[in-house]
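Written below as structure tokens is the structure these notes are about.
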Amino acid sequence: MNEFTAHLSEDSYFAGLPKLIQETIKQTGVEFSSQEELRQYAEKLMDR
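Every letter in the sequence shown is one number past the one before it in full-length UniProt numbering, and letter 9, counting from 1, is 9.
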């Protein structure tokens, strides 16, 4: 697990996401190297 993903719950953008999206991201195990990658992934999830 990389540094950004290890501290995901401390990220302000992640904390502002709906709980369902947060849980989905945690359960997928996808690793992010930046907040921008996280943002793009979360936006795709929310567009469903």
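Positions of the beta carbon are idealized from the N, C-alpha and C atoms, including for glycine.
query: Expected contact under 8 angstroms - CB spacing of Ile-21 and Ala-42 to nearest Å; result: 6 angstroms
query: Opening and closing residue of the alpha helix (DSSP H) in which Ser-12 lies; result: 12-16
query: Cβ pair Ser-33, Phe-4 closer than 8 angstroms; result: yes
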